[in-house]
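The block underneath contains the structure these notes are about, expressed in structure tokens.
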Amino acid sequence: MQKLALLLVAVFLVLPGPHAAAQDNIGHDRHRHHHNPKHPTEVPTPARFVTSRASDVVLPLPEEKDAFVFAVFGDRTGGPVDGVKVLADAVRDVNLLEPDLVMTVGDLINGYNTTPAWLEQMREYKEIMNELRCPWFPVAGNHDVYWRGEGRPPEEHEANYEMHFGPLWYAFRHKNCWFIALYSDEANPETGERNFNKPECQRMSDEQFSWLKDTLRKAADADHIFLFLHHPRWLGGQYGDDWDKVHRALVAAGNVTAVFAGHIHRMRYDPKDGIEYVTLATVGGGQGETVPQAGWLHQYHLVTVRKQQVALAALPVGEVMDVREITGQFADECARLVAAAPRFDGPLTLGADGTVSQEFKVTINNPTSRQADFTITPDSADLRWLFSPDHTHAIIEPGGSRQLTFRARRAGDSIDALLRTPDLVLHADVLMPGHRYAMPERRIAIPLNLDAVPPPLAATPDLALHLSGTDALRLAPGEVTIPDGPFTVECWINADSFSSRIGIISRAENSEWGLFVNNGRPHMAVHLSGRYIRAESQTPLKTGQWHHLAGVFDGKEVRMYVDGVLRARTAGQGPRTANRRPILIGADPNSDNAPMSFFRGSMDSVRISSGAVYTGETFSPSRRLTPAENTLLLLNMDALFGRSPWTETPDGRARPIGTLVGSPVLVPAE
29 MQKLALLLVA VFLVLPGPHA AAQDNIGHDR HRHHHNPKHP TEVPTPARFV
79 TSRASDVVLP LPEEKDAFVF AVFGDRTGGP VDGVKVLADA VRDVNLLEPD
129 LVMTVGDLIN GYNTTPAWLE QMREYKEIMN ELRCPWFPVA GNHDVYWRGE
179 GRPPEEHEAN YEMHFGPLWY AFRHKNCWFI ALYSDEANPE TGERNFNKPE
229 CQRMSDEQFS WLKDTLRKAA DADHIFLFLH HPRWLGGQYG DDWDKVHRAL
279 VAAGNVTAVF AGHIHRMRYD PKDGIEYVTL ATVGGGQGET VPQAGWLHQY
329 HLVTVRKQQV ALAALPVGEV MDVREITGQF ADECARLVAA APRFDGPLTL
379 GADGTVSQEF KVTINNPTSR QADFTITPDS ADLRWLFSPD HTHAIIEPGG
429 SRQLTFRARR AGDSIDALLR TPDLVLHADV LMPGHRYAMP ERRIAIPLNL
479 DAVPPPLAAT PDLALHLSGT DALRLAPGEV TIPDGPFTVE CWINADSFSS
529 RIGIISRAEN SEWGLFVNNG RPHMAVHLSG RYIRAESQTP LKTGQWHHLA
579 GVFDGKEVRM YVDGVLRART AGQGPRTANR RPILIGADPN SDNAPMSFFR
629 GSMDSVRISS GAVYTGETFS PSRRLTPAEN TLLLLNMDAL FGRSPWTETP
679 DGRARPIGTL VGSPVLVPAE
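What follows is the structure, given as structure tokens:
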């Protein structure tokens, strides 16, 4: 009991220290933006909280009071006929959430027709909505009641609506809350005209207004009253000012919490006098998606109701994930699918002038136990590539494959600075009973045979690769393999500026190696036997001046040379800690293999070699490095092939390698 007494008086305090550090790691305070106070809680008692462990921490429990959730759907109509697919997706989403009920705000069908077409659309809508696991409630909009065509009755489709959907206005009680559906498309009582663009046609009849006031009185003891109609008349404009009298009645009631409408196909929130006026976008209606994140999208609202407050949230249609569908097997199969590489029957052969005219085949596999719907698109940023077909679709059965044929064409005299290599872009959806699961888009380089393409000559004047501080060159894992043991990394750099940490050539991430310049002082770090061995020069480099940097590991020590002079050496030996990260030139890879710690300036003659190329205290570095028998990479930056520089190899067979990140450019090496 003494322990329980301590629990009863315990409080939570916001402490500095780790909490402040966590806030710094977030980088924003959006999670501190609240609309409502915290929910009431209760101190845990043995009747509701049990444990066999001792702790002074109090875990407050939620109050055991009723709360519930309802959903609101926006307009279905004004869009294409197959917009009902979006409505069906919204039904699928909401069935996973299982609210108490679903409200609508009108424009349920496309309408603007005669009875036969109206009935067909009504049946389609109701068939979809009746798949909801909870009750749903209609609201009439202009598309639901306006008549177009011969034989127009005075009430237009009102009779059809009330026969098949329900009353034009009604109310019901649920968990001490009242839900009121209003009708905002009554005809002009004098002319019979229905027109939502004329204020005189947007007036609530005396009959409906009298009924509304009676209903508000009947709901006087409710915790909340929610109203639903099609037209957001409170916005004024073409709606005129008739809503003012309605608003006064709602305010006088004292317990009207929110009013929901649609029609304008975008979200809006316009609170007034303590009433939350909420306009929804669409669930299949015409949607221009002007700014989706600002409310122009297919979405629905979820409203969580507690006695003291309500919470409002909008969910994009199709974004709810089915926990029960994502089994371990399914997730693993999706991972295998995105890792499955397409198989090409061979490379595209470029002529000496860049000409291509060749058919190629590619085989796509589906390693999952479900059908997969693929879209395959040959693509290049170089518009001189032509492919036929320009894309194709394939539904591949579980465990199956499909071979596809394309023809590639490219004109001659086109090996220039605008050349870009082609990719195969793969989109895939795995088809499950409740959802199409979209896989990440993949771009796979179409293999090229460049044997006929002459390598570039030494540039005159000499060129270098200029990096702006947000650029890099990325060598994918496996493009350059450095055997364990001695190796050398070197380059020429001309820095525009230095910062506290710059990656010059690196694949370091608690492993491997990196050549860095920190605060102008270069160092080489090699991860040996579980720790970094680092040799750092204490003499800072100068900006605006070319420097040769060479990091050497000879098996016994790490050495740092600057302009041919040994500046630092640190003993260390053992196996190098390997990884499968990219090599970045002009940056350092982070834990996600993305570049960081960028270099700003020009780089030239980047060479990686097996073995210790330099020994002793000094040597004379060549301004243009040449390939040797142990050269693994040599970039003299004479030209680019698309987004790749050429590497020179000991056998004289130069080839493009790596991919530029950002927008590096070749500039004169002044």
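Residues in the sequence shown are numbered consecutively from 29, following the numbering used here. Note that the Cβ used here is the ideal one computed from N, Cα and C, for glycine as well.
Judged by DSSP in its simplified three-state form, glycine 265 adopts helix. Contact fails between the region 141 to 155 and the region 374 to 383, because fewer than three Cβ pairs, one in each stretch, are under 8 Å apart. Take alanine 487, set aside five residues on each side of it, and the residues of its chain with a beta-carbon closer than 6 Å to its own are Asp666, in chain order. Per DSSP, the continuous beta strand (DSSP E) segment holding glutamate 518 begins and ends at 515 to 523. Beta-bridge analysis with DSSP links phenylalanine 96 to Val333. Between phenylalanine 434 and glycine 531, the gap from beta carbon to beta carbon reaches 9 Å or more. Rounded to whole angstroms, the separation of the alpha carbons of glutamate 178 and leucine 147 is 16 Å. Burial of histidine 329 is indicated by the presence of at least 16 other C-beta atoms within 10 angstroms of its C-beta. Distance from the CA atom of histidine 192 to the CA atom of glutamate 186, rounded to whole angstroms, is 10 Å. In its chain, beyond the 5 residues on either side, Arg635, Leu653, Pro655, Thr675, Glu676 have a beta carbon closer than 7 Å to the beta carbon of leucine 662. Cβ atoms of aspartate 103 and glycine 169 come within 8 Å of each other, at about 7 Å. Looking at the backbone, the Cα of leucine 115 and that of valine 311 are separated by about 5 Å. In the three-state reduction of the DSSP assignment, isoleucine 510 falls in the coil class.
Excluding the 5 residues flanking it on each side, alanine 118 has same chain C-beta neighbours closer than 7 Å at Phe101, Val311, Tyr328, Val345, in chain order. If you look at tyrosine 465, you'll find it in the beta strand (DSSP E) that goes 463 to 466.
Rounded to the nearest angstrom, the gap between the Cα atoms of glutamate 214 and aspartate 269 is 16 Å. Contact between the region 589 to 600 and the region 547 to 565 is present, with at least three C-beta pairs closer than 8 Å. Under the rule that a run must span 3 or more residues, the beta strand (DSSP E) segments found entirely inside the region 219 to 288 read 252 to 256.
Just so you know, the alpha carbons of histidine 291 and histidine 259 end up roughly 6 Å apart. Residue state for methionine 665 is assigned as coil, using DSSP reduced to three classes.
In this model, proline 505 and alanine 369 are separated by some 16 Å (Cα to Cα). Apart from the 5 residues on each side of it in sequence, proline 692 sits with its Cβ closer than 8 Å to the Cβ of Leu493, His494, Leu495, Ser496, Asp499, Ala500, Leu501, Gly614 in its chain, given in chain order. Take valine 390, set aside five residues on each side of it, and the residues of its chain with a beta-carbon closer than 6 Å to its own are Pro370, Phe372, Leu432, in chain order.
Within its own chain, the residues whose Cβ lies closer than 8 Å to the Cβ of aspartate 512, once the five positions on either side in sequence are excluded, are Pro603, Arg604, Ala606, listed in chain order.
As for any alpha helix (DSSP H) of minimum length 4 sitting wholly inside the region 105 to 150, the runs are 112 to 125, ordered along the chain. Taking valine 545 as the centre and dropping the five residues before and after it, the same chain places the C-beta of Phe526, Ile530, Ile532, Leu569 closer than 7 Å to its C-beta, in chain order.
Between the region 206 to 221 and the region 245 to 256 there are three or more C-beta pairs closer than 8 Å, enough to call the two in contact.
Counting other Cβ atoms within 10 Å of its Cβ, alanine 480 stays below 16 and is therefore classed as exposed.
The alpha carbon of methionine 131 has as its nearest neighbour, out of Pro68, Asn477, Phe200, the alpha carbon of Phe200. Valine 173: member of the alpha helix (DSSP H) spanning 170 to 173, first to last residue.
Short of 6 Å from the beta carbon of arginine 608, and not among the five residues preceding or following it, lie these beta carbons of its own chain, in chain order: Pro505. Per DSSP, methionine 631 is one residue of the beta strand (DSSP E) stretching across 628 to 638. A straight-line Cα-Cα distance of about 19 Å links threonine 516 and glutamate 537.
Within the same chain, and ignoring the five residues on either side of asparagine 225 in sequence, the residues whose Cβ sits closer than 8 Å to its Cβ are Gln266.
According to DSSP, cysteine 205 shares a beta bridge with His202, His252. The shortest C-alpha to C-alpha distance from glutamate 698 to any of Pro489, Pro678, Gln337 is the one to Pro489.
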